Amino acid sequence: MASAQPPKHPQIVRPSLEGGFPEHIAIIMDGNGRWARRRKLPRVMGHRQGIDSVREITTECARMGVKSLTLYAFSVENWSRPAEETGTLMSLLERFMVKERKTLEDNAVRLRCIGRLDDLPAAALAELRRTEELTANNTGLVLRLALSYGSRAELGDACRALALDVAAGKLTADEIGDETLRQYLYDPDTPDPDLLIRTAGEMRLSNFLLWQISYSELFVTEKCWPDFRRSELLEALRQYAGRQRRFGGLVPETSGEPDLVADGDREQRASG
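Quick note on my numbering: the sequence shown kicks off at 120 and runs consecutively.
Printed below as a string of structure tokens:
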């Protein structure tokens, strides 16, 4: 069994932005297949190019001082794809874990994985667990990979575990509230995402962190995931910095709004 390395601490260089900065970013990495198809390449080439984006965005978030980054890497629904494609994706995942350990270590990144991980091939799961153990003491960005993940599956698993504890007399129905249920989610101690990014222009949530993104700010870009790099991340951060998070309440009117807020956002907020 691998043992954790001595703790590494990040060197933070936060971008100069007026306004808020997200502590937790979640990303639906969409568009690998479309990226490849537009270039008349096999789908696998889109997935391989997408790995470069994973590396760059993880490194940039670590250097900027983001505390958590959750990447939607493989959904429970993705198992319905052709076996050849899912097999290729699992092989890429396994190789990524081996190849990128040094990058994670150099940037003080700690790896965690969420989802129905027992569904993964044994070889890929073993490399994931090894990387989790090796990076366990790192104190920088927590990189969470959502693998064989679906939010409905997560909530179903949580409810089953909760029901078993009620049946065993460990708690009563009257004791169950939002925070109680949260403790049965895959990673209950990680704060909810502040910013949810989706690539490839799709306007849907795709069964991703539905409990956790109740009040997340959304950023959708037309860029496919293989083309999503530092400049696109900075644009998402600029837009986030110019927003006022309400969490269902009202925000007092101010004399002016940050220059980073687009005119359309001003009009929408004024009429909201």
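In this text, a Cβ means the ideal position worked out from N, Cα and C, and glycines have one as well.
Since this is a predicted model, take the numbers as computed values, not measurements.
Taking only the alpha-carbon atoms, compute the straight-line gap between residue i and residue j and give it to the nearest angstrom.
i, j, result
"Arg364", "Pro141", "11 angstroms"
"Thr340", "Asn151", "14 angstroms"
"Gln130", "Ile332", "29 angstroms"
"Thr177", "Leu262", "7 angstroms"
"Pro201", "Arg162", "12 angstroms"
"Arg301", "Lys186", "20 angstroms"
"Gly206", "Ala243", "11 angstroms"
"Val217", "Arg249", "9 angstroms"
"Gln93", "Glu336", "The first residue shown for the chain is 120 and the last is 391, placing residue 93 beyond what the model contains."
"Ile233", "Leu266", "6 angstroms"
"Glu321", "Lys342", "10 angstroms"
"Gly184", "Ala155", "32 angstroms"
"Asn326", "Ala277", "15 angstroms"
"Arg349", "Gly288", "51 angstroms"
"Gly138", "Arg362", "8 angstroms"
"Arg158", "Gly367", "43 angstroms"
"Lys221", "Tyr303", "32 angstroms"
"Pro126", "Leu160", "41 angstroms"
"Glu386", "Tyr268", "Because Glu386 carries a pLDDT of 38, less than 50, the predicted location of this residue cannot be relied on, and no value is offered for it."
"Glu251", "Ala227", "12 angstroms"
"Asn256", "Arg231", "12 angstroms"
"Ala280", "Tyr334", "26 angstroms"
"Thr258", "Glu204", "35 angstroms"
"Leu324", "Arg182", "28 angstroms"
"His128", "Asp293", "43 angstroms"
"Asp308", "Leu190", "17 angstroms"
"Ala286", "Gly275", "16 angstroms"
"Asp171", "Leu211", "12 angstroms"
"Met164", "Pro134", "32 angstroms"
"Arg392", "Ala241", "The question about residue 392 has no answer, for the chain in this structure spans 120 to 391."
"Glu354", "Ala282", "44 angstroms"
Pick from the options: whose alpha carbon is nearest that of residue i?
i, options, result
"Leu314", "Gln302, Asp346 and Ala360", "Ala360"
"Thr318", "His128, Gly169 and Asn256", "Gly169"
"Asp306", "Glu273, Ser325 and Thr222", "Glu273"
"Leu264", "Asp297, Arg235, Arg349 and Lys218", "Arg235"
"Leu352", "Lys159, Val132 and Cys180", "Cys180"
"Ile316", "Pro134, Met148, Leu253 and Gly139", "Met148"
"Leu356", "Leu136, Leu188 and Leu190", "Leu136"
"Leu188", "Arg153, Ile146 and Ser210", "Ile146"
"Leu260", "Asp225, Phe347 and Leu211", "Asp225"
Run the CB neighbour count on residue i, radius 10 Å, all protein chains shown included, and call it buried at 16 or more, exposed below.
i, result
"Trp344", "buried"
"Phe72", "As shown, the chain starts at 120 and ends at 391. That puts residue 72 outside it, with no answer to give."
"Thr299", "exposed"
"Val132", "exposed"
"Leu328", "buried"
"Arg254", "For the record, residue 254 in the displayed sequence is Thr; it is not Arg. Buried."
"Glu219", "buried"
"Arg229", "buried"
"Ala63", "No answer is possible for residue 63: it lies beyond the span of the chain, which begins at 120 and ends at 391."
Taking 9 angstroms as the threshold (C-beta atoms), are residue j and residue i in contact?
i, j, result
"His166", "Leu208", "yes"
"Glu213", "Glu175", "no"
"Asp238", "Val195", "yes"
"Leu290", "Asp297", "no"
"Pro310", "Ile144", "no"
"Ser62", "Trp198", "Nothing in the structure corresponds to residue 62, since the chain is present only between 120 and 391."
Say whether chain C places a C-beta atom closer than 9 angstroms to the C-beta of residue i.
i, result
"Glu341", "Absent from the structure is chain C; it holds one protein chain and no more."
Problem set entry | Contiguous beta strand (DSSP E) assignments of at least 3 residues, all confined to the region 161-241 | 187-194 and 229-233
For this session: May I have a chain-ordered list of the beta strand (DSSP E) segments no shorter than 3 residues that lie completely inside the region 130-162?
Result: 143-147
Exercise. Unbroken beta strand (DSSP E) runs of length 3 or more, entirely within the region 236-311: which are they?
Worked result: 261-268
Exercise. For the region 305-362, which segments carrying the alpha helix (DSSP H) assignment without a break, of at least 4 residues, lie completely within its bounds, in sequence order?
Worked result: Residue ranges of uninterrupted alpha helix (DSSP H) with 4 or more members, entirely inside the region 305-362 and ordered along the chain, are 349-360.
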